[in-house]
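Numbering (our numbering), first residue to last: 12 to 414.
See below for the structure under consideration.
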Ligand SMILES: [Zn+2]
């Protein structure tokens, strides 16, 4: 057995348990409670933390594990990018990430390799490639044929008309997807569209939603503008990503239908904080940073379930070892440290359809745990860098230990 002593944040209670104890037997947690509340023997492996905090492993609910943020524009082959990604996974684990909801061509293969024990990485829920209309958010190079995009792109694919929506949704499931993501609006980084554009017809969205339902799963939507988000929700989409410009009517609709919202705030607020941008970009970035904050303040007011996502890609601006900055970014929108912690643990597990298995520190659950040096309820920035993560355990296996 493994015995962990320290402060416990279980992601269920609203307060930490001081002087607590967590016992792990095999891959599962068998005890969480007061120190001394469970019998230990000399053969047990003990993790004693000095002012450390035992927490559920972190979950990034919005990732594209493809080795680089600019896959469309680099000369690297998919094989090279896949190998880079394998290395990147180690950085994720070092930063305390034990679960990822991925949207890329690699997710399913990475998941299999991790589960087989061939490589080290977090649990992955693969969503396959992101579906976009031609001219939409994933259409980065209008000079490339649609066929070439669909053959070569590792994060997105282009579909037009209900028939193609059927086919491509089934293709994603064929390649191992466990949920589907579409682009229901344009994007900030798009090559062609405006971020307020509504993308996909109602019929196209319904086809994808119905096909996903037959596979017993849900569709999530990239949404920057609020009009496209409302269209997506009205046609059955069950989760919203980014939510940069959501108005009150949209958030109200989300509350009525119990639709979660996934953050990518470090990126959206980070651009606004960047120095040396050209004047016009700075204005746009500042505006979008402000509206992102407003969207999440609204979500907070309406009690929307918020899960942490990052869109990080291990680029110099988005290093995986600092992926925990997203906890801090959410607290900038009026969320408490504890609310941010739940967003980055149990709420992520909910979106991975696994909150009954992991995402909290409870007896019976899989032992996906981290030990943080210090108290993140006092300083949320302790979660922001891999250097402060003393121990990482996935399914009872210690993947990092520098306590
Ligand atoms: Zn993304």
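In this text, a Cβ means the ideal position worked out from N, Cα and C, and glycines have one as well.
Proximity test, residue i beta-carbon vs ligand 1 heavy atom, cut-off 7 Å
i, result
"residue 75", "yes"
"residue 322", "yes"
Under 8 Å between C-beta atoms of residue i and residue j
i, j, result
"residue 143", "residue 157", "no"
"residue 266", "residue 339", "no"
"residue 176", "residue 149", "no"
"residue 214", "residue 173", "yes"
"residue 372", "residue 22", "yes"
"residue 24", "residue 388", "no"
"residue 334", "residue 125", "no"
"residue 151", "residue 74", "no"
"residue 320", "residue 356", "no"
"residue 17", "residue 60", "yes"
"residue 252", "residue 232", "yes"
"residue 248", "residue 310", "no"
"residue 416", "residue 62", "No answer is possible for residue 416: it lies beyond the span of the chain, which begins at 12 and ends at 414."
"residue 165", "residue 89", "yes"
"residue 112", "residue 138", "yes"
"residue 341", "residue 199", "no"
"residue 242", "residue 209", "yes"
"residue 70", "residue 359", "yes"
"residue 397", "residue 273", "no"
"residue 114", "residue 363", "no"
Contacts around residue i, its chain only, beta-carbon distance under 6 Å, and the 5 residues preceding and following it disregarded
i, result
"residue 15", "33, 58 and 65"
"residue 336", "277 and 395"
"residue 55", "12 and 14"
"residue 205", "197"
"residue 116", "140 and 165"
"residue 393", "383, 385, 387 and 399"
"residue 304", "344"
"residue 170", "142, 176 and 179"
Proximity test, Cβ basis, 8 Å: residue i and chain B
i, result
"residue 349", "The chain inventory of the structure shown lacks chain B, comprising one protein chain alone."
Neighbourhood of residue i by C-beta, 8 Å cutoff - its chain only, sequence neighbours within 5 removed
i, result
"residue 361", "271, 316, 318 and 370"
"residue 68", "107, 108, 109, 110, 133, 356, 369, 379, 380, 381, 403, 404 and 405"
"residue 296", "282, 283, 285 and 288"
"residue 180", "142, 191, 218, 219, 222 and 223"
"residue 365", "110, 134 and 136"
Same chain, Cβ closer than 7 Å to residue i, five either side skipped, listed in chain order
i, result
"residue 256", "235, 236, 237, 302 and 306"
"residue 331", "99, 102, 103, 106, 323 and 325"
"residue 49", "32, 34 and 42"
"residue 217", "246 and 247"
"residue 162", "none"
"residue 36", "12"
"residue 391", "338, 339, 342, 348 and 351"
"residue 4", "Residue 4 falls outside the range modelled here, since the chain spans only 12 to 414, and no answer is possible."
"residue 38", "377, 378, 406 and 407"
"residue 259", "309"
"residue 413", "401"
Contact test: residue i Cβ vs ligand 3 heavy atom, cutoff 7 Å
i, result
"residue 130", "As for ligand 3, it is missing from this structure, which binds only ligand 1."
Taking contact to mean at least 3 C-beta pairs separated by less than 8 Å, is the segment 39 to 56 in contact with the segment 85 to 104? no
Three or more C-beta pairs closer than 8 Å, one from the segment 220 to 239 and one from the segment 281 to 292: is that the case here? The segment 220 to 239 is not in contact with the segment 281 to 292.
Below 8 Å, how does it come out for the segment 405 to 412 and the segment 373 to 383: are there three or more Cβ pairs, yes or no? yes
Counting Cβ pairs, one atom from each stretch, are 3 or more of them under 8 Å apart for the segment 191 to 198 and the segment 209 to 228? yes
Check whether the segment 339 to 358 touches the segment 116 to 125, taking contact to mean three or more Cβ pairs, one atom from each stretch, closer than 8 Å. no
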